[in-house]
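First up is the structure itself, then whatever we jot down about it.
Protein chains: 4
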Amino acid sequence: MSADASKRPSATGSAAALPGTPDPALLEDLVTANQILSDQGVIDAYGHISARDPDSPQHYWISRSMAPALVTASDIIACDLDNNPVRAGETRLFFERVIHGEIYKARPDATAVLHNHSPSLIPFCNSDTRLRPMVGSAAFLGEGAPVFDIRSVDEEGDLNVCTMAQARGLVQALGRHSLVLLRGHGAVLVGDSIRQVVRRAIIAETNARQQIQAAILGPVHFLTPSEIEFARRSKPKDPERAWQLWKRRAMRG
Amino acid sequence: MSADASKRPSATGSAAALPGTPDPALLEDLVTANQILSDQGVIDAYGHISARDPDSPQHYWISRSMAPALVTASDIIACDLDNNPVRAGETRLFFERVIHGEIYKARPDATAVLHNHSPSLIPFCNSDTRLRPMVGSAAFLGEGAPVFDIRSVDEEGDLNVCTMAQARGLVQALGRHSLVLLRGHGAVLVGDSIRQVVRRAIIAETNARQQIQAAILGPVHFLTPSEIEFARRSKPKDPERAWQLWKRRAMRG
Amino acid sequence: MSADASKRPSATGSAAALPGTPDPALLEDLVTANQILSDQGVIDAYGHISARDPDSPQHYWISRSMAPALVTASDIIACDLDNNPVRAGETRLFFERVIHGEIYKARPDATAVLHNHSPSLIPFCNSDTRLRPMVGSAAFLGEGAPVFDIRSVDEEGDLNVCTMAQARGLVQALGRHSLVLLRGHGAVLVGDSIRQVVRRAIIAETNARQQIQAAILGPVHFLTPSEIEFARRSKPKDPERAWQLWKRRAMRG
Amino acid sequence: MSADASKRPSATGSAAALPGTPDPALLEDLVTANQILSDQGVIDAYGHISARDPDSPQHYWISRSMAPALVTASDIIACDLDNNPVRAGETRLFFERVIHGEIYKARPDATAVLHNHSPSLIPFCNSDTRLRPMVGSAAFLGEGAPVFDIRSVDEEGDLNVCTMAQARGLVQALGRHSLVLLRGHGAVLVGDSIRQVVRRAIIAETNARQQIQAAILGPVHFLTPSEIEFARRSKPKDPERAWQLWKRRAMRG
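Residue numbers (this note's numbering), protein chains in the order written: chain P, 17 to 269; chain Z, 17 to 269; chain X, 17 to 269; chain W, 17 to 269.
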């Protein structure tokens with residue numbers, strides 16, 4: 017976290033009750049999410065996923081700075097929306113966690129946030145071709161995922177999102193979207209639950225691969241605006257089914 | 017299944033004897049098919065395969081709504097061609113099972129039906145480039161797989177095949193073909209046995225990948241009409257051999 | 017084997033001593049070759065590899081008609097160069113084994129023959145772009161692998177090589193090359209040992225993938241004629257090392 | 017090693033103390049590096065990685081000539097910078113080890129050297145399209161990896177780097193870069209530690225795949241010069257995390 021971020025007086029979270037022990041179900045989902053994302057190859061040693069505390073919306077839960085594949089329940093800690101750990105003495109912190117706090121501030125609908133470097137998303141980070149939905153389950157990509165270019169904030173050359181200004185630039189590029197690509201870097205996804213964000217991350221990777229394959233065949237027919245609207249209004253069909261299957265595979269892997 | 021479909025009085029199946037216990041061999045093949053399709057990566061958490069009852073052709077067998085990878089013999093239930101479960105109280109039903117009933121009505125030659133979202137077929141669902149046979153075993157693709165565009169039925173924006181009208185549109189697009197692609201969605205395959213449909217699903221995925229690779233190299237030479245005709249007239253060479261190998265791998269996986 | 021082939025009086029092999037038990041080392045290599053080719057994904061349920069008998073060059077050893085992954089020493093049988101099994105009563109025979117006999121007749125240098133449907137070779141079977149060597153170990157591809165079009169023999173529509181005429185057409189297309197692609201079908205490789213043919217099959221698949229990737233980047237610079245010549249004249253560096261590694265993996269897989 | 021190289025009187029290393037037993041930590045890293053590189057698929061049966069001796073910079077440690085996947089601590093030997101083994105009687109030596117000695121002579125900053133045939137780098141070896149960084153962690157590729165064409169040294173047709181002249185040509189092409197591609201052959205990477213070279217080898221392979229995918233989508237936006245400079249000046253964030261994860265997977269694999 018940048019010095020700016022840690023020193024900034026909390027505008028939103030200061031009065032909130034500090035969360036004590038997290039909801040066991042949320043904790044379990046967060047651990048499972050780390051394992052599924054790793055097993056499905058959409059997170060590497062450096063990504064991170066967080067969840068907003070349901071009882072204390074000015075706080076979120078995230079693992080200490082470590083490889084997602086190795087996260088267990090005891091590695092999950094709470095931070096406020098200025099990304100300060102609730103418990104004194106926590107020092108193993110993701111330096112890019114400013115992304116999480118800024119998104120939770122700007123997007124009250126966001127209850128989970130993921131930052132990853134999903135392999136097939138990288139080509140779209142560095143292209144004028146937009147990532148667009150090939151199938152209904154990818155409708156959350158809308159008319160095309162926006163790309164955040166960190167040069168719109170500063171030209172220092174660091175591609176990592178470390179400062180408040182950079183995180184706010186990212187949040188602005190994200191807008192009302194569910195996924196924003198980061199030029200030369202990776203992606204950030206938001207959702208209304210841990211499971212939705214995990215699902216979106218896996219679908220985004222698959223969709224990217226299929227869009228690249230389709231581009232080889234010629235012009236690609238993406239979902240129409242009304243199909244995107246319909247899918248966004250609809251609940252996914254039995255998302256639990258895929259979650260349980262991914263979990264099974266992650267446990268076995 | 018849509019309300020329309022479930023309430024529609026059965027035009028074809030009402031007088032047929034209800035199937036009791038299924039043929040054990042058919043049941044075993046259906047379970048194995050679910051496992052092979054999952055292991056080979058051509059079905060995900062949401063596809064389904066069914067088989068027509070050999071003694072009661074107005075009924076078909078299909079798993080309850082669940083991940084194919086987890087299907088066991090006790091999960092297989094019977095439906096009539098209006099997609100109503102034979103046994104009262106069955107409620108975990110695939111909402112897209114209307115596809116199966118409508119195909120069995122329209123295609124007396126069809127004894128097995130599969131709906132999947134095979135990864136390398138999706139690019140062809142959204143392209144003007146047709147999926148065509150690269151090798152003899154893919155001759156069932158004929159001069160090119162048709163693509164069903166659900167907008168030809170309605171413009172509501174749902175890409176899933178839920179209503180009778182949508183299923184009939186799909187059946188019309190399928191025609192006498194063995195595989196129909198669904199724009200923005202996936203594929204439906206038919207065959208004269210469970211094993212043939214499984215075989216076709218695996219070959220279709222491989223063929224799609226190879227056709228995409230070939231397109232990179234330049235114009236592609238597909239099978240000639242006489243080669244397609246010859247292969248269609250011929251029995252496949254020892255299909256049991258591949259089935260047993262796939263089964264072995266699925267068991268081990 | 018076609019009726020023609022089996023009835024044709026043997027012009028070359030009739031006077032040769034029948035091989036008794038095969039050389040144990042050759043037998044072990046042939047079994048291992050089947051397992052390595054399967055494990056490396058360059059042979060599927062339907063390919064076959066054979067080795068000429070070192071003491072009786074008018075005979076070759078090959079497995080019964082079965083999945084290569086399942087071959088054991090007791091499945092290896094001897095055939096003469098007219099593809100008749102030496103031991104009476106052998107009936108589980110590859111119907112395309114005519115390929116082996118005809119190559120051994122035409123190419124005294126060939127001591128091992130493989131027919132496969134290696135996935136990344138198929139795009140080159142159906143393209144005007146020739147498969148050419150990207151690296152020194154692929155120099156056996158020469159100035160480009162020839163493609164055998166079965167229509168040059170007959171127009172019946174069968175893509176399989178079943179008759180003597182078809183096999184001779186294939187042998188003619190092969191010429192002095194080490195690999196011939198079969199339009200709409202697969203490949204045939206020859207070598208001076210089982211291990212060399214296995215090595216070539218694995219390298220050919222890798223080379224094909226890399227050539228396709230390179231084609232995306234723009235014009236490809238292949239090995240020069242003098243580099244091809246040099247590599248052909250040279251012994252490979254420690255081929256045993258790769259063989260042992262592949263064997264280890266196949267055993268573990 | 018060529019005769020030239022072995023007979024050449026050592027200009028740099030003759031007065032150095034011979035290394036006795038290697039540093040245990042270095043030894044362990046070198047063994048682990050061999051296993052990680054194999055497990056991650058960026059080294060095959062024929063690559064090699066070495067590390068300069070920290071106490072005796074005129075010597076380096078490397079395994080005997082063998083498959084990297086099988087290397088154990090007892091297989092690691094010391095060579096001087098003329099690539100002569102320190103201990104008499106060592107005969108299982110990589111014939112291309114001249115690469116290591118020449119780089120250590122020319123690049124005092126190099127403490128580890130890797131030669132591999134990473135699959136997705138080969139297309140760039142044979143293309144005019146340069147391998148360029150897609151993300152910050154690949155900034156070591158700079159404005160594009162140079163390609164060494166062995167024909168710039170001699171036209172004998174051997175693509176392997178065997179002679180001093182060839183190795184010097186390679187060193188010249190490498191210049192101050194961290195990675196040099198070898199036309200028709202593979203790559204050589206240098207770094208300031210074993211772990212950095214391993215990290216670079218894995219990132220280079222991933223970057224190559226992503227750049228090829230991006231090329232399908234249209235013009236690719238690579239890192240800017242200031243981003244490359246920034247990343248080069250910066251320490252990587254917690255590289256230990258990825259190393260431990262790769263090690264875990266290699267142990268399990």
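Backbone N, C-alpha and C fix where the C-beta goes; we use that ideal spot for every residue, glycine too. Everything numeric in this text was worked out from a predicted model, so none of it was measured.
Relative to S72 (chain Z), the option among Z:A104, Z:G36, Z:A203, Z:Q51 whose CA is nearest is Z:G36. Your pair H116 (chain P) and V129 (chain P) checks out as a contact, with CB atoms roughly 5 Å apart and the cut at 8 Å. Inclusion of R199 (chain Z) and G207 (chain Z) in the CB contact set at 8 Å is not warranted, their separation being larger than that value.
Straight-line measurement puts the Cα of A126 (chain Z) at about 22 Å from the Cα of D165 (chain Z). When DSSP reads this structure, N50 (chain P) sits in no beta bridge, so it has no partner. Look at the beta carbons and you see the stretch 245 to 252 of chain P touching the stretch 144 to 160 of chain P: at least three pairs across the two are nearer than 8 Å.
Here the C-alpha atom of R257 (chain X) lies approximately 11 Å from the C-alpha atom of G63 (chain W). Close to chain Z, meaning a Cβ-Cβ distance shorter than 8 Å, are the following residues of the stretch 131 to 148 of chain X: H133, P135, S136, I138, P139, F140, C141, N142, S143, D144, T145. Of all C-beta pairs linking the stretch 44 to 58 of chain W to the stretch 94 to 114 of chain W, fewer than three are shorter than 8 Å, placing the two stretches out of contact.
CA-CA distance, S194 (chain X) to V236 (chain X), rounds to 22 Å. Neighbourhood of A61 (chain W) in chain X, by CB distance below 7 Å: R257, A258, L261, in chain order. The C-beta of L157 (chain X) comes no closer than 8 Å to any C-beta of chain W.
For the C-beta of F238 (chain P), the chain Z residues within less than 9 Å are, from N- to C-terminus, N142, G200. Using a 10 angstroms sphere on the CB of T48 (chain X), the tally of other CB atoms reaches 16 or more, which defines it as buried.
DSSP places A67 (chain Z) in the uninterrupted beta strand (DSSP E) bounded by 64 to 68. Taking a beta-carbon distance threshold of 8 Å, L175 (chain Z) counts as an interface residue toward chain P. When DSSP states are grouped into helix, strand and coil, P101 (chain P) belongs to the strand group. Less than 8 Å separates the beta-carbon of A220 (chain P) from that of S134 (chain P).
Within the same chain, and ignoring the five residues on either side of A189 (chain X) in sequence, the residues whose Cβ sits closer than 6 Å to its Cβ are P162, F164, V196. Linking C141 (chain P) to I228 (chain P) through their CA atoms gives a straight-line distance of about 13 Å.
Using a Cβ distance threshold of 8 Å, A61 (chain Z) and L86 (chain P) do not count as a contacting pair. Closest by C-alpha distance to R264 (chain W), out of P:D254, P:G191, P:A83, P:Q74, is P:A83. In terms of Cβ geometry, N223 (chain W) and P149 (chain W) form a close pair [threshold 8 Å]. Excluding its 5 nearest sequence neighbours in each direction, R113 (chain W) has C-beta neighbours in its own chain below 8 Å: M17, H64, S66, I78, C95, N99, listed in chain order.
Within the DSSP secondary-structure output, D96 (chain W) pairs in a beta bridge with W:H75. If you check each beta-carbon in the stretch 221 to 245 of chain Z against every beta-carbon of chain X, the ones closer than 9 Å belong to T222, N223, R225, Q226, Q227, I228, Q229, A230, A231, I232, L233, G234, P235, V236, H237, F238, L239, T240, P241, S242, E243, I244, E245.
The CB of E106 (chain X) never comes closer than 8 Å to any CB in chain Z; the least such distance is about 16 Å. Here F238 (chain Z) carries a coil assignment [DSSP, helix/strand/coil].
For N142 (chain Z), no alpha helix (DSSP H) run applies, since DSSP gives it neither H nor E. Taking the beta carbon of M267 (chain X) as reference, no residue of chain Z falls within 7 Å; the closest one sits roughly 14 Å away.
For N132 (chain X), there is no enclosing alpha helix (DSSP H); the residue is part of the beta strand (DSSP E) that begins and ends at 128 to 132. Neighbours of A154 (chain P) in chain W, taken as residues whose beta carbon is under 7 Å from its own, are absent, since the nearest beta carbon is some 17 Å off. Spanning the alpha carbons of R80 (chain Z) and A122 (chain Z) requires a straight line of approximately 23 Å.
Within the stretch 71 to 88 of chain W, the residues whose Cβ lies closer than 9 Å to any Cβ of chain X are, in chain order, S81, M82, A83, A85, L86.
Distance between R146 (chain W) and T88 (chain W), taken at the CA atoms: about 36 Å. In the structure shown, G117 (chain X) adopts helical secondary structure according to DSSP, grouped into three states.
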